[in-house]
Amino acid sequence: MRTTIQLDDLLHEKARKYALSKGTTFAALMEEALREKLLPHPKHTSSPPVKLTTVSGHGIQAGVDLDDNAALLDIMGGS
20 MRTTIQLDDL LHEKARKYAL SKGTTFAALM EEALREKLLP HPKHTSSPPV
70 KLTTVSGHGI QAGVDLDDNA ALLDIMGGS
């Protein structure tokens with residue numbers, strides 16, 4: 020549906036430049052903004068906090084390659 024809106028000149032220019040930088044059209048940006056503002060959003064369910072156990076130390080063990088899963092398993096005593 021076509022419609023006409025009046026926008027502050029500075030707001031229009033910022034929106035036009037933003038749309039251009041994102042590779043979209045001004046109309047698509049306006050539609051996305053209205054959807055974001057007006058349509059209901061799913062409620063986020065709150066998960067219980069996760070307790071992370073930390074240990075003191077001096078970083079990783081020398082010679083450990085964190086990108087090598089097999090070596091990590093071997094060092095940790097896995098198979």
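Position one of the sequence shown corresponds to residue 20 (my numbering), numbered consecutively onward. For glycine and all other residues, C-beta sits at the position ideal for the given N, C-alpha and C.
If you measure between the beta carbons of residue i and residue j, is that distance less than 9 Å?
i: K41; j: L48; result: yes
i: T44; j: A52; result: no
Using DSSP with H/G/I as helix, E/B as strand and the rest coil, what is residue i?
i: K36; result: helix
i: R21; result: coil
i: H60; result: coil
Residues in its own chain within less than 6 Å of residue i by CB, not counting five upstream and five downstream?
i: A90; result: D84
i: L71; result: none
Which first and last residues belong to the alpha helix (DSSP H) in which residue i is found?
i: I94; result: 88-94
Kindly indicate which residue of the options has the alpha-carbon position closest to the one of residue i.
i: Q80; options: M95, T73, S66, R54; result: M95
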